[in-house]
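Engineer: According to this note's numbering, the sequence shown is numbered sequentially starting from 7.
Just so you know, even glycine gets a beta-carbon here, dropped at the ideal spot from N, CA and C.
One structure is given below, represented as structure tokens, and several questions about it will come after.
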Amino acid sequence: MAKNRRPSAEELSADVASTGIRWENGSRAFCAFAKWGALVLVAYILAPAIIALAGKETSASLGLDLFASLAQMPMTKSIPWMVATAGMIWGLVERRGRRVSTRNQSQQIELLEKAIDPNRLSSGVNRDGTSNPKDTW
7 MAKNRRPSAE
17 ELSADVASTG
27 IRWENGSRAF
37 CAFAKWGALV
47 LVAYILAPAI
57 IALAGKETSA
67 SLGLDLFASL
77 AQMPMTKSIP
87 WMVATAGMIW
97 GLVERRGRRV
107 STRNQSQQIE
117 LLEKAIDPNR
127 LSSGVNRDGT
137 SNPKDTW
């Protein structure tokens with residue numbers, strides 16, 4: 007009759023290493039499947055729309071015409087447009103980030119101000135730092 011023997015440290019280490027390798031290979035396969043599967047899914051979803059628009063004058067083709075005209079524009083005129091567009095996008099993202107930051111910090115600031123002066127009145131500014139709607143014209 008054979009006794010149940012305990013595995014040695016080397017055997018356990020080899021078993022853990024092989025399990026880790028299996029998990030790593032499985033996660034790589036899953037990531038590749040997710041990436042390429044998402045690409046195929048997007049193509050599958052967009053294919054009927056592209057087929058339906060083929061050969062028709064639509065706002066989509068007008069938008070493409072706009073990009074084509076920008077591509078044909080000389081670089082001396084297109085670069086300022088690109089810089090201006092990038093600046094506007096950056097400004098919008100920055101404004102949103104500041105509002106989120108202000109909203110996250112407003113409660114703590116209000117608590118600290120009330121601790122210093124319990125009779126302090128609110129200015130009526132919204133939590134995200136925008137003006138009170140009653141203050142606008």
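Starting from residue 109 and walking both ways along the alpha helix (DSSP H), at which residues does that stretch end?
Structural biologist: Unbroken alpha helix (DSSP H) run through residue 109: 81 to 122.
Engineer: Whole angstroms is fine: what's the gap from residue 95's alpha carbon to residue 34's?
Structural biologist: Roughly 35 Å between the two C-alpha positions.
Engineer: Quick one: Cα of residue 136 to Cα of residue 98, how far?
Structural biologist: So the two alpha carbons sit approximately 14 Å from each other.
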